[in-house]
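Have a look at the structure below before the remarks.
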Amino acid sequence: MARESESGLPIEPVYGPEALEGWDPAEKLGEPGSYPFTRGVYPSMYTGRPWTMRQYAGFGTAVESNARYKQLIANGTMGLSVAFDLPTQMGHDSDAPIAHGEVGKVGVAIDSIDDMRVLFDGIPLDKVSTSMTINAPAALLLVLYQLVGEEQGVPADQLTGTIQNDVLKEYIARGTYIFPPKPSLRLIADIFKYCKAEIPKWNTISISGYHMAEAGASPAQEIAFTLADGIEYVRTAVAAGMDVDDFAPRLSFFFVARTTILEEVAKFRAARRIWARVMKEEFGAKNPKSLMLRFHTQTAGVQLTAQQPEVNLVRVAVQGLAAVLGGTQSLHTNSFDEAIALPTDKSARLALRTQQVLAYETDVTATVDPFAGSYVVEKMTDDVEAAALELMQKVEELGGAVNAIERGFQKSEIERSAYRIAQETDSGERVVVGVNRYTIDVEEPYEPLRVDPAIEAQQAERLAKLRAERDQAAVDAALAELKKAAESDAGTANVLYPMKDALRARATVGEVCNALREVWGTYVPTDAF
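For the sequence shown, the working numbering begins at -17 and goes up steadily by one.
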């Protein structure tokens, strides 16, 4: 009897040659590092060196997060990944009334250049690659990072890293948006142009399906809606006068890795193939790097359980293996205690060690694309690709990603998928070890990491001191120039230049975002599709 995949597609008990009847390896596969990149974006993949091992971290104050980063680097992390607290993600200062109770809770609080200096104190920005999970205020955090690099004596053209900067998925699944879609897209186009001129090695956007998956999206929905957002960003940049090959090589993506290894591998392979075809056929990209879907992966936090949390170590290892077999460029492995609280030092180290075991104690790095030619994986790749293309076509019929978002299409589809998963879990049809099967009567006690609530008052004191010390006239003048640039038509002025001047003058994140709110307004979501 056939089972169904996470995307609702049939999985047969046995696959043979008939599954690939009429299947053309040259068209579907190619060679690793060559169009259509099904087998991976680089010819040698991990046979030369493993993927970049990132650990997502950030909590409390910049001082505490800085200490965690230094510890991760000492343990062998190859790249940092910064988590910001909710007020920072929403463009509010720590002393704003709306920030009360949230300061430093789910990430580090960054209110100004003063905090950013502390966050990266003693960390050489010319040697470390940094990913920042920030969206609506991504431009601000990028410019703050550049300013700190300049203070370290690191030229901007030597900085490497990524800003997530994917605001469209915020309207779909996550909710940390600020401005309406059109000015948000204008800001993203300004970031593309700014980085081409000022920070050429920086990945300007990480188009994210991860948060859609966390909201309940199936693998097919995850890649369909993510790639549809990517198409919208490319169209925006081209409409702003950029040549596709000037910015497309710096685009990157961010996906989840679930415990369902076979479909996850198929998903990654299908996504590469679809993106290569879109960039070549719709946008006429000539540079091979413009056709490459390079992506970061994070193991599935939504599949972690607070019950029997040590079992999450097994889940994360399986999920990490799926990402590696699927050809990820970088990987974050979740800590086993993240369903309970922020990771402890020990659990964060164990998460990193999981990647190191995969890289150095298994043979998955010995050959490129081990599943190539597998009857089941190739058929599942075709099936996921077909399902994703069908959803992408529906988005196109609604007028593209933004119009579909404004009609609530993607959100509604994901909610239907999430409801199906919840029903299957509640009925026991979907087994979740430790939750609806193989439970225990008494859970072992666990002491989670807790964030000191005094952080909010400490950040407020730092902000009061900053405002007393700075040249307020210089801040006001810089913010006025920022608003003037924001009021101009897209393409006539780049808001990142006056933004940089304002932040250098010690304007706060909240003040800069408020200046843009005055011009662009804020987004109010519409009803579901």
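The beta-carbon is built from N, C-alpha and C at its ideal position, and this holds for glycine as well.
When C-alpha distances from Ile181 are compared across Asp327, Ala155 and Asp139, the shortest belongs to Asp139. Its chain contains Val306 as the residues whose beta carbon lies nearer than 6 Å to that of Val346, once the 5 sequence neighbours on both sides are disregarded; these appear in chain order. Taken in chain order, the complete alpha helix (DSSP H) segments of 4 or more residues contained in the stretch 134 to 210 are 163 to 180 and 192 to 196. Residue state for Ser399 is assigned as helix, using DSSP reduced to three classes. Using a 10 angstroms sphere on the CB of Glu46, the tally of other CB atoms reaches 16 or more, which defines it as buried. Look at Pro325 here: in three-state DSSP terms it is coil, with no helix or strand label. The residue among Gln134, Thr29, Gln290 and His193 with its C-alpha nearest the C-alpha of Thr115 is His193.
Using a 10 angstroms sphere on the CB of Arg398, the tally of other CB atoms stays under 16, which defines it as exposed. No residue range can be given for Gly266, since it is assigned to no alpha helix (DSSP H) and is classified by DSSP as neither H nor E.
Within its own chain, the residues whose Cβ lies closer than 7 Å to the Cβ of Asp67, once the five positions on either side in sequence are excluded, are Glu84, Val85, Gly86, Lys87, Val88, Gly89, Val90 and Ala91, listed in chain order.
Bridge partners of Ala65 according to DSSP: Thr115. Residue environment for Ser26: exposed (fewer than 16 other C-beta atoms within 10 angstroms of its C-beta). When secondary structure is reduced to three states using DSSP, Tyr38 falls in the strand class. A contact between stretches requires three or more CB pairs, one per stretch, nearer than 8 Å, and the stretch 206 to 213 fails this requirement with the stretch 161 to 169.
Remark: three or more beta-carbon pairs, one from each stretch, lie closer than 8 Å, so the stretch -14 to -7 and the stretch 242 to 257 are flagged as touching. Note on the stretch 317 to 393: there is no whole beta strand (DSSP E) run with a minimum of 3 residues.
Leu313 is bridged by DSSP to Met35 and Thr279.
Short of 8 Å from the beta carbon of Phe391, and not among the five residues preceding or following it, lie these beta carbons of its own chain, in chain order: Lys376, Val377, Leu380 and Phe511. Looking at the DSSP output, Ile(-7) shares a beta bridge with Arg(-15). About 5 Å separates the beta carbon of Thr281 from that of Ala239, a gap short enough to meet the 8 Å contact definition. For Phe229, the three-state secondary structure derived from DSSP is helix. Taking the Cα positions, Asn147 is about 16 Å away from Lys183.
Taking Val477 as the centre and dropping the five residues before and after it, the same chain places the C-beta of Asp172, Ala467 and Ala468 closer than 6 Å to its C-beta, in chain order. The criterion of a C-beta distance shorter than 8 Å is not satisfied by Ile170 and Gly191. Counting along the chain, the unbroken alpha helix (DSSP H) around Pro7 starts and ends at Pro7 to Lys10. Contact annotation, Arg259 with Pro18: C-beta distance approximately 6 Å; criterion of less than 8 Å satisfied.
Of the residues assessed, Ala446 falls on the exposed side of the cut-off, its CB having fewer than 16 other CB atoms within 10 angstroms. Pairing Met60 with Met35 gives a Cβ-Cβ distance under 8 Å. By DSSP's assignment, Arg259 forms no beta bridge with any residue. Residue pairing for Leu431: DSSP places it in a beta bridge opposite Leu324. Inter-residue distance for Thr279 and Ala321 is about 18 Å (C-alpha atoms, whole angstroms). Per DSSP, the unbroken alpha helix (DSSP H) holding Leu498 starts and ends at Val491 to Trp502. Distance from Thr20 to Arg251 at the Cβ level is roughly 5 Å; contact confirmed, criterion being Cβ atoms closer than 8 Å. In this structure, Leu295 sits away from Leu340, with a CB-CB distance that is not shorter than 8 Å. Listed in chain order, the non-local C-beta contacts of Glu152 below 6 Å within the same chain comprise Asn117, Thr158 and Tyr159, local neighbours out to five positions each way being set aside. In this model, Arg276 and Phe235 are separated by some 6 Å (Cα to Cα).
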